[in-house]
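Asks:
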Amino acid sequence: MELTRTTIKDVSDAAGVSIKTVSRVLNKEKYVSDDTRLRVEAAVAKLNYHPSLAARTLAGKRSFQIGLIYDNPSPYYIFNMQAGVRTRCLEAGFRMIVQPCDVNSPTLLDDIASLIDQSHLDGVILTPPVGDVPEALAALERRGIPFVRVQPGADPAATSSTFIDNVQAADDMTAHLIGLGHRRIGFVAGHPNYAVSSQRLCGYRQALERAGLAFDTALVIEGRFDFQSGSEAAETLLALPTPPSAIFASSDDMAAGVLATAHRLGISVPQSLSVAGFDDTDLARFVWPPLTTIRQPTFDLGYAAAGLLLEFEEGVEAKQLPHDLIIRASTAPPSL
């Protein structure tokens, strides 16, 4: 038995409206009356109509696909970001195409162009550090491809973006450690490719200066936002003649590495060493002891970025989302 596929024309006939109007309702566009929208939605439900991506592309000259381009070593961070983007896409009937990349690759611009051409993307979301590559932004602008940056570096209001105040977040964590009584606080900075790395270092320094504590370069180690670099940084910091009583790592992955090194060296956390992270990924709750960390709403950053892209109009909108200091069992006053 041959099955006959319901078409968009069947829906328009049943609802008594034009194909264009059906397309507008399916695309959740504005300027459709409530009565018309209800009639179209009733016809869609009655006929069990499910438009294919190709059909929707032909009707609206759109692919209903957006790309999420990332270069990030943390699977926890990028998973939560993807979940937020995907949720917003599903609400609007879009698909999310995920593409990893290497910002240091000489083929970066070609890789992005190839993704757009092959998938006919309606727009892209750029996660750090991709969103801070000027050549990539210029290439997208030349092609007229809408894009939204997540956690951009300097001047987030220059393009549509979603972000948190990384300087203030790092300040809040450092102030928490100072408030517990710590005076020598090690800091594991993020990868230099990421603008947020310098922002978080700035927040760390800001809190120290406000408390009248000297900034000691020996207490700052450059990491890569991954477990291994956090572990290596802890080895260096804990080998100092006067080691820190607390270590603030600017990602949970690096903080987990700090914890692992402390455990291996027989240093109890938080009795002999306080450890803090940044992100509040699932990893922060899985490690022992659970991490005190900064919660940046990674899911919401992705969800809001997709929303800005799906509602894209001429102009720029930058959305700052709140962060929270999450205090768990990995931080305590220093031992006497």
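Letter 241 of the sequence shown, counting from 1, is numbered 241 in UniProt numbering, and no numbers are missing. The C-beta atom is built at its ideal place from N, Cα and C for all residues, glycine as well. Everything numeric in this text was worked out from a predicted model, so none of it was measured.
1) Looking only at its own chain, which residues have a Cβ that is under 8 angstroms from the Cβ of Ile19, when we skip the five neighbours before and after it?
2) Are Ala256 and Leu238 touching if we call contact CB-CB under 8 angstroms?
3) Compute the distance between the beta-carbons of Ser245 and Phe278, then report whether it is under 8 angstroms.
4) Going by DSSP in three states, Gln271 sits in which element: helix, strand or coil?
5) Bridge partners for Leu68 per DSSP, in chain order?
6) One question on the structure: do Ile78 and Asn72 come within less than 8 angstroms of each other, judged by their Cβ atoms?
7) Name the one or two DSSP bridge partners that Ile327 has.
8) I'd like the list of long-range same chain contacts for Ile178, defined as Cβ closer than 6 angstroms, with 5 residues on each side in sequence excluded.
9) I need the DSSP call for Lys319, collapsed to helix, strand or coil.
10) So what's Ala211 in DSSP terms, helix, strand or just coil?
11) Where do the N-terminal and C-terminal ends of the alpha helix (DSSP H) with Gly307 fall, by residue?
12) List the residues that DSSP assigns as beta-bridge partners of Phe163.
13) Let's test the definition: count the other Cβ atoms within 10 Å of the Cβ of Gln118 and tell me whether it reaches 16, buried, or not, exposed.
14) Under three-state DSSP, which class holds Arg295?
15) For Thr293 and Glu232, I'd like the C-alpha separation in whole angstroms.
Replies: From the atom records:
1) Ile8, Lys9, Ser12 and Ala59
2) no
3) no
4) coil
5) Val98 and Ile125
6) yes
7) DSSP output for Ile327 lists no bridge partner at all.
8) Ala211
9) strand
10) coil
11) Thr298 to Leu310
12) Gln320
13) exposed
14) strand
15) 20 angstroms
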